[in-house]
Amino acid sequence: MQLIQRLLYVAEQDSCRVFGKPGTTMLAVLVSIVSLGIVAQQCQAIVIYTGWERHALVGSDIRLSCSFFSWRWTSEDVTFSWTYRPDGSRDSISIFHYTGGEAYLDNKGPFKDRLEFVGNPGRRDGSILIKNLDFNDNGTFTCDAKNPPDIVGRPSSVRLLVFEKVPIQAGVITGAIIGVVLGLLVLVVVIYYLMRFLVARRVFSLNVSKHGKKKKEGSQQRQIKV
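Residue numbering for the sequence shown follows the working numbering, starting at 364 and increasing by one per position.
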């Protein structure tokens with residue numbers, strides 16, 4: 364039975380790699396027949412998430428996040444891989460790989476002694492930390508993840524920009540403008556209702572004063588008649 368389960372697993376992996384989508388191979392069909400109708404589970408797509416763009420200062424540290432979504436439970440064979448492509452280069456280099464419960468760090472390339480694994484594979488987190496950033500670290504970092512038998516998915520990339528001073532982003536300026544406009548609108552509304560309240564109070568005071576004056580005049584007239 365263990366042999367059949369192993370063959371089913373191999374069939375799933377082979378199907379996913381060859382076709383890149385749910386399907387079965389001849390090996391899966393043969394194993395299913397031999398195992399009296401047991402059909403191998405088909406692979407499903409895995410969705411990988413990273414940020415889009417990160418900004419950092421020279422000499423600082425930065426965490427590059429990588430996580431994934433999969434319909435299956437997190438496998439003991441889950442893997443994470445990071446590659447790096449410097450700005451102006453067409454070639455990518457491998458800087459990190461996690462497999463079999465072990466993390467393998469870059470010990471020869473540009474991130475030697477500057478890269479640390481800070482993720483939690485059990486929680487589908489393959490994040491890395493890059494220390495002591497330099498201008499030469501500008502580039503694109505790509506994360507790939509596998510959660511067998513879910514191995515079909517598109518890697519996700521995040522671009523790192525290292526500055527001497529982090530520039531003010533357009534989104535921050537836009538948010539500040541929107542905040543100022545909303546603040547002015549709120550102020551106008553408050554002033555409007557305050558003016559209405561003061562006017563209504565003034566009108567009420569005048570009406571009370573007139574009513575009191577009329578009562579006083581009426582009382583004086585009655586006294587004169589008597």
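Glycine included, C-beta positions come from ideal geometry on N, C-alpha and C.
Residue i: buried (16+ other C-beta within 10 angstroms of its C-beta) or exposed?
i, result
"Phe431", "buried"
"Arg435", "exposed"
"Trp415", "exposed"
"Ala593", "In the structure as shown, the chain starts at 364 and stops at 589, and residue 593 therefore has no counterpart that could be examined."
"Trp445", "buried"
"Ser519", "buried"
"Thr437", "exposed"
"Tyr556", "exposed"
"Phe443", "buried"
"Phe560", "exposed"
"Phe567", "exposed"
"Phe504", "buried"
"Arg487", "buried"
"Val553", "exposed"
"Val571", "exposed"
What residues are listed by DSSP as bridge partners for residue i?
i, result
"Arg417", "Leu523"
"Phe431", "Ile411"
"Thr442", "Lys509"
"Thr462", "Glu465"
"Arg426", "Leu492"
"Ile554", "Bridge partners of Ile554: none, in fact."
"Arg453", "Beta-bridge pairing links Arg453 to no other residue."
"Arg448", "Thr503"
Indicate whether residue i and residue j have their beta-carbon atoms separated by less than 8 Å.
i, j, result
"Val421", "Val551", "no"
"Ile456", "Gly472", "yes"
"Arg477", "Ile493", "yes"
"Cys429", "Gly485", "no"
"Leu427", "Val521", "yes"
"Arg417", "Leu547", "no"
"Ala419", "Leu468", "no"
"Gly502", "Tyr461", "no"
"Asn510", "Ile411", "no"
"Ile458", "Phe480", "no"
**Message:** I'd like the ranges of any beta strand (DSSP E) spanning at least 3 consecutive residues and lying wholly in the segment 470 to 552.
**Reply:** 478 to 480, 491 to 493, 502 to 509, 519 to 526
**Asked** Is the segment 508 to 523 touching the segment 543 to 550 in the sense that three or more CB pairs, one from each, lie closer than 8 Å?
**Response** no
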